[in-house]
């Protein structure tokens, strides 16, 4: 069984060069890179006063807010989401998440595909220390990021090697 402790994830921080409010930290703990066949999971955090910029994803996504208070925009609709609430984002519909509270917004996103193409309205650049394998400086990202797994998950009992 492959498990992930959210507090142990190394988060990549990115944002827009010309907009200091667009800044988020993200990781994809489950995707095709971990052997997933038909789903992926992202975990991201947004500090107070910041937002995840408008983008589209190639797969449907369900957002589960673990902490904080956010304003979620999906297409032309906008609503407040707090810890314990979920929001559906259809594939290829522009969406964004903005922290409207005083604590860090923590979100898990569940995708209906093990690979996801995300396209932002502006190029995303690294913030702080650049990661060793940067998927930054572009508008479109393919998940899983081109990062080697430190320890690939072991095959499940009874699975073919």
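Numbering (my numbering), first residue to last: 28 to 188. Just so it is clear, CB atoms sit at the ideal spot from N, CA and C, and this is done for glycine as well.
By DSSP's assignment, residue 77 forms no beta bridge with any residue. The C-beta distance from residue 60 to residue 143 rounds to 12 Å, too long to meet the 8 Å contact threshold. Assigned with DSSP and collapsed to three states, residue 30 falls in coil, not helix or strand. The Cβ atoms of residue 152 and residue 70 do not sit closer than 9 Å to each other.
When rounded, the separation of the alpha-carbon atoms in residue 73 and residue 112 is 16 Å. Pairing residue 95 with residue 49 gives a Cβ-Cβ distance that is not under 9 Å.
Distance between residue 99 and residue 122, taken at the CA atoms: about 7 Å.
A distance below 9 Å separates the beta carbons of residue 55 and residue 171. For the pair residue 53 and residue 40, the Cα-to-Cα distance works out to about 6 Å. Cβ contact annotation for residue 130 (same chain, cutoff 6 Å, sequence separation greater than five): 95, in chain order.
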